[in-house]
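Read through the structure below, which is laid out as structure tokens, and then see the notes.
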Amino acid sequence: MAVFDSFNINTSGLSLERLKLDTISTNIANVNTTRTKEGGAYHKKSVTFEESVKRQSADQKGTNPVGSNTKSYGVKVTGIKADNTDLKYSYDPSNPDADENGYVEMSNVDLADEMVDLMNTVRSYEANVSALESSKNLMKKALEISKN
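In terms of the working numbering, the sequence shown opens at residue 146 and continues consecutively.
In structure tokens:
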């Protein structure tokens, strides 16, 4: 593990949590949206991600030149997907978005679930900030030790 890998891990985590916060706030803003550009009600969106582990390809001698075929540590966003499950319908024949039977497709965003996700994401963000500060302080101490 290189000296700055901890910084890369924390910054990738911070970027992920920020994207998750943006997605959650979009979900909350569209909790009552029954008409979108794509047609139909707004569908809850969620961020998908995966672990990004450093992998190095070794040459025939088993050595590894610096920078050869490496990926960084941390997390990598793989996409934002719409959740098409748990669709709700409300009977309101006077609504312009109602179908021929008078039912309106409602957003599948649950405000309570979004608030729980929001609190978890904020705490994860704070944990990444704390870990980044610890890494920074550790690096400062190492530099102080090397001066003496």
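Just so you know, even glycine gets a beta-carbon here, dropped at the ideal spot from N, CA and C.
Treat the numbers as computed from the prediction; the structure is a model and nothing was measured.
- Mapping DSSP to helix, strand and coil, what is GLU250? Residue state, collapsed to three classes: strand.
- Can you tell me the Cα-Cα spacing of LEU232 and SER269, whole angstroms? Roughly 29 angstroms separates the two Cα atoms.
- Thinking VAL254 and ASN172 are a contact (beta carbons under 8 angstroms), I'd like their distance in whole angstroms, please. About 5 angstroms; that satisfies the 8 angstroms criterion.
- Item | Contact check, THR168 vs ASN240, beta carbons under 9 angstroms | It is not a contact, given that the beta carbons lie outside the stated cut-off.
- Task: Find the nearest neighbour of GLU195 within the set ILE225, GLU183, GLU245, judged by alpha-carbon distance.
- Result: Cα-wise, what sits closest to GLU195 is ILE225.
- Below 6 angstroms CB to CB, which residues in the same chain sit around SER160 once its five sequence neighbours on both sides are set aside? Cβ neighbours of SER160 beyond the five flanking positions: none.
- Query: Should ASN229 go down as buried or exposed, given a rule of 16 or more other Cβ atoms within 10 Å for buried?
  - Reply: ASN229 comes out exposed.
- Does the Cβ of ALA186 have 16 or more other Cβ atoms within 10 Å, making it buried, or fewer, making it exposed? Burial call: buried.
- What number of angstroms, rounded off, separates the C-alpha of LEU256 from the C-alpha of VAL192? If you draw a straight line from the Cα of LEU256 to the Cα of VAL192, it comes to about 17 angstroms.
- Query: Which two residues bound the contiguous beta strand (DSSP E) that contains GLU196?
  - Reply: Segment 190 to 197, the beta strand (DSSP E) holding GLU196.
- Given GLY212, which residues of its chain have a CB within under 8 angstroms of its CB, disregarding the five upstream and five downstream residues? For GLY212, the predicted structure reports a pLDDT of 49, less than 50, and the residue's modelled location is therefore unreliable. A value from the coordinates is still provided. Taken in chain order, the list of residues that qualify is empty.
- Query: When we look at the beta-carbon of GLU245 and count the other beta-carbons within 10 Å, is it buried (16 or more) or exposed?
  - Reply: The residue is exposed, with fewer than 16 neighbouring Cβ atoms inside 10 Å.
- Task: Please look up how many angstroms separate the CB atoms of SER235 and PHE152, rounded, as I've assumed it's under 8 angstroms.
- Result: For a cut-off of 8 angstroms, the C-beta gap from SER235 to PHE152 is around 49 angstroms, too long to register as a contact.
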